[in-house]
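Peer 1:
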Amino acid sequence: MKESTSLENNLLTRLDHLPIWPYPYSWLMIIGAGFFFAGLDMFATGFAIPVIAHQMQVPTTTAVWAISATLLGYLIGAYSVSRFSDNHGRRHGLIIATILFTLGSFLTALAPNIVSIIIFRGITGLGIGAEMASVTAYTNELSPSRLRGRNMSWVTGMAFVALSIIPFFALWLVPGYPWGWRALFLLGALGGLLIIPLRRKLHESPYWLMAKGRHSEAEAVIVQAEQRTIQRRGKLPLSDRPDIIQHTAVPSRTFPPQAYSQRLALLILLWIVFYIGNYGWITMAPTLLIGKGFGIVRSFQFLVLTGLGYVVGAIIAITSADHMERKYALIIACIVWGLDLAILGNLASPLAILIGGFIASALTAIVIPLLYTLTAEHFHTSRRASGIGLADGIGHIGAFLAPPLLLHVDLQAGFSRAFDVMALTGFFSAILLLFTVKKTKKPLNT
Numbered sequence: 003m004k005e006s007t008s009l010e011n012n013l014l015t016r017l018d019h020l021p022i023w024p025y026p027y028s029w030l031m032i033i034g035a036g037f038f039f040a041g042l043d044m045f046a047t048g049f050a051i052p053v054i055a056h057q058m059q060v061p062t063t064t065a066v067w068a069i070s071a072t073l074l075g076y077l078i079g080a081y082s083v084s085r086f087s088d089n090h091g092r093r094h095g096l097i098i099a100t101i102l103f104t105l106g107s108f109l110t111a112l113a114p115n116i117v118s119i120i121i122f123r124g125i126t127g128l129g130i131g132a133e134m135a136s137v138t139a140y141t142n143e144l145s146p147s148r149l150r151g152r153n154m155s156w157v158t159g160m161a162f163v164a165l166s167i168i169p170f171f172a173l174w175l176v177p178g179y180p181w182g183w184r185a186l187f188l189l190g191a192l193g194g195l196l197i198i199p200l201r202r203k204l205h206e207s208p209y210w211l212m213a214k215g216r217h218s219e220a221e222a223v224i225v226q227a228e229q230r231t232i233q234r235r236g237k238l239p240l241s242d243r244p245d246i247i248q249h250t251a252v253p254s255r256t257f258p259p260q261a262y263s264q265r266l267a268l269l270i271l272l273w274i275v276f277y278i279g280n281y282g283w284i285t286m287a288p289t290l291l292i293g294k295g296f297g298i299v300r301s302f303q304f305l306v307l308t309g310l311g312y313v314v315g316a317i318i319a320i321t322s323a324d325h326m327e328r329k330y331a332l333i334i335a336c337i338v339w340g341l342d343l344a345i346l347g348n349l350a351s352p353l354a355i356l357i358g359g360f361i362a363s364a365l366t367a368i369v370i371p372l373l374y375t376l377t378a379e380h381f382h383t384s385r386r387a388s389g390i391g392l393a394d395g396i397g398h399i400g401a402f403l404a405p406p407l408l409l410h411v412d413l414q415a416g417f418s419r420a421f422d423v424m425a426l427t428g429f430f431s432a433i434l435l436l437f438t439v440k441k442t443k444k445p446l447n448t
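With the numbering used here as the guide, the letters of the sequence shown map in order to residues 3 to 448.
(1) Counting only runs of 3+ residues fully inside the region 359-412, write out the beta strand (DSSP E) ranges in chain order.
(2) From the DSSP output, in three-state form, read off Glu143 for me.
(3) Would you verify that the beta carbon of Leu128 is, or is not, closer than 8 Å to some beta carbon of chain D?
(4) Identify which residue in Tyr277, Ile54, Asp88, Leu353 has its Cα closest to the Cα of Arg385.
(5) Could you compute how far the alpha carbon of Pro208 sits from the alpha carbon of Ile333?
(6) Under 8 Å, do Thr62 and Thr231 count as touching if we go by C-beta distance?
(7) On the three-state DSSP scale, how would you describe His205?
(8) Do Ala354 and Ile345 count as a contact pair if the criterion is CB distance below 8 Å?
(9) Can you grab the Cα-Cα spacing for the pair Phe108 / His19, in whole Å?
(10) Could you please give the first and the last residue of the uninterrupted alpha helix (DSSP H) stretch that includes Lys463?
(11) Identify, in the order they occur along the chain, each residue of the same chain with its Cβ nearer than 6 Å to the Cβ of Arg150, setting aside the five sequence neighbours on each side.
(12) Are the Cβ atoms of Gly79 and Leu128 separated by less than 8 Å?
(13) Going straight from the alpha carbon of Gly95 to that of Pro352, what length do you get?
(14) What separation, rounded to the nearest whole angstrom, lies between the Cα atoms of Gly178 and Thr308?
(15) Which value, in whole angstroms, describes the spacing of the CA atoms of Gly75 and Arg123?
(16) Quick one: any contact between the region 152-169 and the region 316-334, if contact means 3 or more CB pairs under 8 Å?
(17) Could you work out which residue in Ser84, Phe103, Arg92, Thr72 is closest to Phe39 when comparing CA atoms only?
(18) Please report the residue range of the alpha helix (DSSP H) in which Gly48 lies.
(19) Alpha carbon to alpha carbon, how far is Gly131 from Ala99? Give it in angstroms, no decimals.
(20) Excluding the 5 residues flanking Gly340 on each side, which residues of the same chain have their C-beta closer than 6 Å to its C-beta?
(21) From the DSSP output, in three-state form, read off Phe437 for me.
(22) Near Pro275, which residues of its chain fall below 7 Å by C-beta distance, leaving aside the five closest residues on each side in sequence?
(23) How big is the Cα-Cα spacing for Glu219 and Arg16?
(24) What residue does the alpha helix (DSSP H) around Leu74 start on, and which one ends it?
(25) Would you report the Cα separation of Gly293 and Ser418, rounded to the nearest angstrom?
(26) So, using beta-carbon positions, are Ala185 and Leu175 closer together than 8 Å?
(27) Using CA atoms only, rank isn't needed, just tell me which of Lys329, Leu373, Val225, Leu343 is closest to Asn12.
(28) Give me the Cα-Cα distance between Glu221 and Leu409, rounded to the nearest whole angstrom.
(29) Rounded to the nearest angstrom, what separates Leu105 and Ala35 at their Cα positions?
(30) Label Gly236 either buried or exposed according to how many other C-beta atoms from any shown protein chain fall within 10 Å of its C-beta, with 16 as the threshold for buried.
(31) Please list, in chain order, all residues of the same chain as Lys440 whose beta carbon is under 7 Å from its beta carbon, the five residues on each side excluded.
(32) Tell me which residues share the same chain as Trp67 and place their Cβ nearer than 7 Å to its Cβ, disregarding the 5 neighbours each side in the sequence.
(33) Could you tell me which of Ala261, Gly91, Leu310, Ser263 sits nearest to Arg202, measuring between CA atoms?
(34) How is the alpha helix (DSSP H) around Arg235 delimited, first residue to last?
(35) I believe Phe49 touches Ile168 by the beta-carbon criterion, under 8 Å. Please report the beta-carbon distance rounded to the nearest angstrom.
(36) So for Trp183, helix, strand or coil by DSSP?
Have a look at this one:
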């Protein structure tokens with residue numbers, strides 16, 4: 003057993019030594035494409051809700067349950083498929099996730115009434131939740147320690163590219179065509195069909211292979227990674243350099259259950275709080291702006307421009323994700339995000355919406371990949387996907403509550419108070435982040 007642990011530590015140290023993404027660069031696109039099309043589908047819901055309510059002749063308070071159903075499905079899918087991923091492999095989890103959200107998106111595009119829309123959004127949510135957990139575990143396990151944040155930011159950035167372009171499609175399709183909202187969901191379904199065969203070509207996570215005792219397969223993966231590094235850099239880094247991390251992985255049998263439970267509870271609470279504000283901004287902004295009197299076209303125009311902030315934020319995350327301790331970067335970003343939303347909501351002028359919305363979008367694109375990376379770093383390989391699935395999935399209780407909560411606050415107390423609620427979630431998230439662990443550039447299984 004001691005020999006097996008020594009071999010595992012040696013292999014993981016070799017992976018951590020590599021200074022670059024040691025796989026085909028197309029893999030980042032294939033992995034991230036799931037985030038792109040799942041994000042395209044999920045964010046389309048916020049733009050579709052006002053039109054769905056009108057066409058189906060139901061109150062907006064009923065139509066927003068389509069968002070909540072997506073998030074409930076997310077919770078179930080994030081845990082159930084991630085458990086399957088922990089037991090049967092990351093690749094299988096990725097493929098199942100893609101199949102589920104593709105099916106749900108396609109059925110939503112054809113839905114005849116509000117009840118079927120809510121049901122099909124639940125199916126879509128199963129796949130999106132599974133996608134987030136499986137991709138996060140897989141990307142972190144493929145990456146050398148010093149590049150985890152950067153690679154996760156590349157992958158997550160695909161979702162923010164989707165978030166930045168969906169307002170353009172929405173502005174073109176939703177006001178102009180009665181079937182426009184259906185076309186938005188069909189885009190996500192068609193994208194999912196494209197990436198299923200591509201994901202079958204990915205190899206399994208070396209961390210997962212070693213956790214299952216398949217050391218020879220894991221070593222073959224790492225040898226290929228080293229060979230690609232030599233092809234691109236001409237040589238491997240020296241193993242005796244003082245800045246190289248020596249891996250001392252904690253075997254799953256010795257990972258304290260109490261530590262797992264405490265980390266899980268903290269991260270669940272953190273995700274719940276953050277998602278109330280995050281999903282409030284991402285999914286409810288069109289409805290809140292229309293309710294404020296800006297009109298559907300004007301509101302979509304605002305979100306087209308502010309959505310460009312997602313691309314800027316994703317670029318910042320990619321270039322800086324591993325330069326500063328993640329927990330401190332997240333604390334700063336959450337505080338600024340809260341202040342920005344509070345100012346935006348209380349000024350509520352067109353200029354404040356454009357500038358404040360751009361900043362809020364950029365900060366969202368910075369926080370999300372760092373928070374996913376930090377979450378993955380809290381769990382051992384044997385529990386990583388399910389730990390992420392539970393933290394992020396149960397955390398979506400906050401996302402589930404955000405639409406009805408913010409709509410209620412908006413109707414009872416006004417536009418500015420709804421944004422104050424979102425702002426408070428940023429400040430509270432910063433407090434919770436103080437209790438997370440420091441894992442930037444450190445071995446994954448500690």
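Note that beta-carbon positions come from the ideal geometry of N, C-alpha and C, so glycine has one too.
Peer 2: Taking the structure as given:
(1) Counting only runs of 3 or more, we get nothing.
(2) Against the sequence shown, residue 143 aligns to sequence position 141. Looking at Glu143 - three-state DSSP - the assignment turns out to be helix.
(3) Note that chain D does not occur in the displayed structure, where there is just one protein chain.
(4) Mapped onto the sequence shown, residue 385 falls at position 383. Per the C-alpha coordinates, the member of Tyr277, Ile54, Asp88, Leu353 positioned closest to Arg385 is Asp88.
(5) Residue mapping note: residue 208 aligns to position 206 of the sequence shown, counting from 1. Residue mapping note: residue 333 aligns to position 331 of the sequence shown, counting from 1. Rounded to the nearest angstrom, the two C-alpha atoms are 32 Å apart.
(6) Within the sequence shown, the letter at position 60 stands for residue 62. Within the sequence shown, the letter at position 229 stands for residue 231. Judged by their CB atoms, Thr62 and Thr231 are not nearer to each other than the 8 Å cut-off.
(7) Looking up residue 205 in the sequence shown gives position 203. In the structure shown, His205 adopts coil according to DSSP, grouped into three states.
(8) Position 343 of the sequence shown, counted from the first residue, corresponds to residue 345. Position 352 of the sequence shown, counted from the first residue, corresponds to residue 354. Going by C-beta atoms, Ile345 is nearer than 8 Å to Ala354.
(9) Here residue 108 is taken as the residue at index 106 of the sequence shown, counted from 1. Here residue 19 is taken as the residue at index 17 of the sequence shown, counted from 1. Cα to Cα, Phe108 sits roughly 43 Å from His19.
(10) Not covered by the structure: residue 463. The range shown for the chain is 3 to 448.
(11) Here the question's residue 150 lines up with position 148 in the sequence shown. Excluding sequence neighbours, Arg150 sits near Asn142, Thr375.
(12) One-based indexing of the sequence shown puts residue 79 at position 77. One-based indexing of the sequence shown puts residue 128 at position 126. In this structure, Leu128 lies closer than 8 Å to Gly79 by Cβ.
(13) The residue given as residue 95 occupies position 93 in the sequence shown. The residue given as residue 352 occupies position 350 in the sequence shown. Cα to Cα, the separation comes out at about 44 Å.
(14) Numbered from its first residue, the sequence shown carries residue 178 at position 176. Numbered from its first residue, the sequence shown carries residue 308 at position 306. In this structure, the alpha-carbon of Gly178 lies about 21 Å from that of Thr308.
(15) The residue given as residue 75 occupies position 73 in the sequence shown. The residue given as residue 123 occupies position 121 in the sequence shown. Taking C-alpha positions only, Gly75 is separated from Arg123 by approximately 8 Å.
(16) Judged by Cβ distances under 8 Å, the region 152-169 makes contact with the region 316-334, as three or more pairs qualify.
(17) The count along the sequence shown starts at 1 and reaches residue 39 at position 37. Taking only the C-alpha atoms, the option nearest Phe39 is Phe103.
(18) The residue given as residue 48 occupies position 46 in the sequence shown. Start and end: 28-57.
(19) Within the sequence shown, numbered from 1, the residue matching residue 99 stands at position 97. Within the sequence shown, numbered from 1, the residue matching residue 131 stands at position 129. For Ala99 and Gly131, the distance between alpha carbons rounds to 8 Å.
(20) Here residue 340 corresponds to residue number 338 of the sequence shown, with the count starting at 1. Correct list, in chain order: Ala425, Gly428, Phe429.
(21) Here residue 437 refers to the residue found at position 435 of the sequence shown. Phe437 falls in the coil class under three-state DSSP.
(22) Counting from 1 along the sequence shown, the entry for residue 275 is found at position 273. Here the sequence assigns Val to residue 275, which means Pro is not the residue at that position. Within the same chain, Val275 has close Cβ partners Gly400, Thr427, Phe430, Ser431, Leu434.
(23) Here residue 219 refers to the residue found at position 217 when the sequence shown is read from its first residue. Here residue 16 refers to the residue found at position 14 when the sequence shown is read from its first residue. Cα-Cα distance, rounded: 15 Å.
(24) As a first step, residue 74 must be located in the sequence shown, where it is residue number 72. Unbroken alpha helix (DSSP H) run through Leu74: 67-90.
(25) For the purposes of this step, residue 293 is taken as the residue at position 291 of the sequence shown. For the purposes of this step, residue 418 is taken as the residue at position 416 of the sequence shown. Rounded to whole angstroms, Gly293 to Ser418 spans 12 Å at the Cα level.
(26) Walking along the sequence shown from the start, residue 185 turns up at place 183. Walking along the sequence shown from the start, residue 175 turns up at place 173. Contact: yes.
(27) In the sequence shown, the residue the question calls residue 12 occupies position 10. Asn12 has its Cα closest to that of Val225, out of Lys329, Leu373, Val225, Leu343.
(28) The residue given as residue 221 occupies position 219 in the sequence shown. The residue given as residue 409 occupies position 407 in the sequence shown. Per the coordinates, the alpha-carbon of Glu221 lies some 53 Å from the alpha-carbon of Leu409.
(29) Taking the sequence shown and counting its residues from 1, one reaches residue 105 at position 103. Taking the sequence shown and counting its residues from 1, one reaches residue 35 at position 33. Between Leu105 and Ala35, the C-alpha separation is close to 16 Å.
(30) Counting from 1 along the sequence shown, the entry for residue 236 is found at position 234. The residue is exposed, with fewer than 16 neighbouring Cβ atoms inside 10 Å.
(31) Against the sequence shown, residue 440 aligns to sequence position 438. Taken in chain order, the residues that qualify are Glu327, Lys329.
(32) The sequence position of residue 67 within the sequence shown is 65, counting from 1. Once the five neighbours on either side are set aside, the close Cβ partners of Trp67 are Ile120.
(33) Start at 1 with the first residue of the sequence shown, and residue 202 comes out as number 200. The shortest C-alpha separation from Arg202 is found at Gly91.
(34) Numbered from its first residue, the sequence shown carries residue 235 at position 233. Its alpha helix (DSSP H) spans residues 217-235.
(35) Counted from its first residue, the sequence shown places residue 49 at position 47. Counted from its first residue, the sequence shown places residue 168 at position 166. Contact flag correct, Cβ pair sits at about 7 Å.
(36) Counting from 1 along the sequence shown, the entry for residue 183 is found at position 181. Per DSSP, reduced to three states, the secondary structure at Trp183 is helical.
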